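Participant:
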Amino acid sequence: MMGYLLEVLAAGDLGGLSSATSAIIKLFDSFGMDIVLIETVGVGQTELDIIKISDCVLVTLVPEAGDGVQAMKAGLMEIGDIFIVNKADRGGAEKLAREIDYMISLKHKNTNWNTKVILAEAENDVGTKNIVDEIDSFKEYEIQSNELNKKRTLRKVSEIETLLFQRMKYELESLKQDKDVKNIMSKVSKSDLEPEEAVNLIFKLFKKNF
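Going letter by letter, the sequence shown gives residues 839 to 1048 in my numbering.
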């Protein structure tokens, strides 16, 4: 099996992913790579964009790190398709798995998929086969239920929105050099114009130039 590892910086991008990730996935797909693994930068409340580009979301947590509480805070319970408790040989692993399983039972289900929690030890290759089998089961479920097609259709819409946002952001940055915008900003700094009024004026210039 051929493997390829690519590290991409997410600096400056919201959502926990680089803005180039979607394009990279398409490139890998065009080269015939059937499996693309994406690791996000963290589990903050704003770092959930992984759901917009992936077919299956695996949430990996470890015991003795307060990850159960973190999962609830970050909204991970809503996006995870499969949950993994790694370093299962450590104390508290089974307790964490039970907590996650309980939280899963409380969440509102939008699909008929039965989300599971898998105990694993990556260092000792324990539970790896169970993870692979569960991913295969999830893939089969998504195909049979047509969830995969729905998800990929929504992904295209999301990609358009993202690209449009990036384009608008670039145009707004360019607009800062416009003499009319500089004049507006000068009036704001002198308290001759309220920020809300300035935004309306700049937005009118933006629509005119875009």
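From the three backbone atoms N, C-alpha and C, an ideal C-beta is built for every residue, glycine too. Here the structure is a predicted model, which is why all the values come from computation and not from measurement.
Could you check which residue in V1019, D939 and S975 has the C-alpha nearest to that of W951?
Facilitator: Here residue 951 refers to the residue found at position 113 when the sequence shown is read from its first residue. The residue with the shortest Cα to Cα distance from W951 is S975.
Participant: If you check the beta carbons only, do L896 and F866 fall under 9 Å apart?
Facilitator: Indexing the sequence shown from 1 puts residue 896 at position 58. Indexing the sequence shown from 1 puts residue 866 at position 28. Contact: no.
Participant: If you run the structure through DSSP and keep just helix, strand and coil, what is K994?
Facilitator: For the purposes of this step, residue 994 is taken as the residue at position 156 of the sequence shown. Residue state, collapsed to three classes: helix.
Participant: Can you check whether the CB of D893 is closer than 9 Å to the CB of K989?
Facilitator: Against the sequence shown, residue 989 aligns to sequence position 151. Against the sequence shown, residue 893 aligns to sequence position 55. It is a contact, given that the beta carbons lie within the stated cut-off.
Participant: With which residues is V923 paired in a DSSP beta bridge?
Facilitator: Looking up residue 923 in the sequence shown gives position 85. According to DSSP, which records beta bridges pairwise, V923 is partnered with L899 and L957.
Participant: Return yes when the Cβ of I891 is within less than 9 Å of the Cβ of V923, no when it is not.
Facilitator: Counted from its first residue, the sequence shown places residue 923 at position 85. Counted from its first residue, the sequence shown places residue 891 at position 53. Cβ distance not < 9 Å, so V923 and I891 don't count as in contact.
Participant: Is I917 closer than 9 Å to I938 when the C-beta atoms are compared?
Facilitator: Taking the sequence shown and counting its residues from 1, one reaches residue 938 at position 100. Taking the sequence shown and counting its residues from 1, one reaches residue 917 at position 79. Not a contact, by the Cβ cut-off of 9 Å.
Participant: What span of residues does the alpha helix (DSSP H) with T795 cover, start to end?
Facilitator: Residue 795 lies beyond the stretch modelled for the chain, which goes from 839 to 1048, so this question has no answer here.
Participant: My output table needs one value for V964: the three-state DSSP class, helix, strand or coil.
Facilitator: The residue given as residue 964 occupies position 126 in the sequence shown. V964 falls in the strand class under three-state DSSP.
Participant: Counting along the chain, where does the alpha helix (DSSP H) carrying A1036 start and finish?
Facilitator: Here residue 1036 refers to the residue found at position 198 when the sequence shown is read from its first residue. Segment P1033 to N1047, the alpha helix (DSSP H) holding A1036.
Participant: Which residues in the same chain as I1071 place their Cβ atom closer than 8 Å to its Cβ, once the five residues preceding and following it in sequence are excluded?
Facilitator: Nothing can be reported for residue 1071: it is not among the residues displayed for the chain, which extend from 839 to 1048.
Participant: Measuring CB to CB, does S857 end up less than 9 Å from Q1004?
Facilitator: In the sequence shown, residue 857 corresponds to position 19, counting from 1. In the sequence shown, residue 1004 corresponds to position 166, counting from 1. Yes, these two residues count as a Cβ contact at 9 Å.
Participant: Going by DSSP, what residue range makes up the alpha helix (DSSP H) through K1028?
Facilitator: Residue mapping note: residue 1028 aligns to position 190 of the sequence shown, counting from 1. Per DSSP, K1028 belongs to no alpha helix (DSSP H) and is neither H nor E.
Participant: What first and last residue would you give for the alpha helix (DSSP H) that runs through I917?
Facilitator: Numbered from its first residue, the sequence shown carries residue 917 at position 79. Secondary structure note for I917: its alpha helix (DSSP H) is the uninterrupted segment L914 to I917.
Participant: Checking 9 Å against the spacing of the C-beta atoms, do G870 and P901 come in under that value?
Facilitator: Numbered from 1 along the sequence shown, position 32 holds the residue referred to as residue 870. Numbered from 1 along the sequence shown, position 63 holds the residue referred to as residue 901. In this structure, P901 does not lie closer than 9 Å to G870 by Cβ.
Participant: Quick one: using the 10 Å Cβ neighbour count with 16 as the cut-off for buried, is D919 buried or exposed?
Facilitator: As a first step, residue 919 must be located in the sequence shown, where it is residue number 81. Looking at its Cβ environment, which holds 16 or more other Cβ atoms inside 10 Å, D919 is buried.
Participant: In the DSSP assignment, find the unbroken alpha helix (DSSP H) run with R936 in it and report its ends.
Facilitator: Along the sequence shown, read from residue 1 onward, the residue named residue 936 stands at position 98. For R936, the enclosing alpha helix (DSSP H) begins and ends at A931 to L944.
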